[in-house]
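Asker:
Numbering (our numbering), first residue to last: 1 to 112.
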């Protein structure tokens, strides 16, 4: 499964998680159980980010938080959304694998 994590830096697994989805400088894409490994890409910005990630085969976005419009854009591009990410990209993968992130793909609308 390919996961995308908004990242504040371009150093891969050691990068800090960016506070939001829009406005982050990078996305770190991690292929869990696949052969692609770790890939760091520059974020194109705005709504284009969701479609660029979907075009790379990303199936889920793991973020600290997302606004309702971000959630709708990400899910509209065919990806799932999980929130509650914190720490480094490596930390977030552990949270995801331990089922400790909140899925917001269709439910739990944001309070923003």
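Just so it is clear, CB atoms sit at the ideal spot from N, CA and C, and this is done for glycine as well.
#1: On the DSSP bridge assignment, give the partners of residue 22 in chain order.
#2: Just mark residue 48 as buried or exposed, buried being the case when its beta carbon has 16 or more other beta carbons within 10 Å.
#3: What first and last residue would you give for the beta strand (DSSP E) that runs through residue 63?
#4: How should residue 100 be labelled, buried or exposed, when 16 other C-beta atoms within 10 angstroms of its C-beta is the threshold for buried?
#5: Measuring CB to CB, does residue 42 end up less than 8 Å from residue 4?
Answerer: Here's the rundown:
#1: Looking up residue 22 in the chain shown gives position 22. Answer is none; residue 22 lacks a bridge partner.
#2: Indexing the chain shown from 1 puts residue 48 at position 48. Under this definition residue 48 is an exposed residue.
#3: On the chain shown, position 63 is the one that residue 63 refers to. Unbroken beta strand (DSSP E) run through residue 63: 60-63.
#4: Within the chain shown, numbered from 1, the residue matching residue 100 stands at position 100. Exposed.
#5: Stepping through the chain shown from its first residue, residue 42 is reached at position 42. Stepping through the chain shown from its first residue, residue 4 is reached at position 4. Cβ distance not < 8 Å, so residue 42 and residue 4 don't count as in contact.
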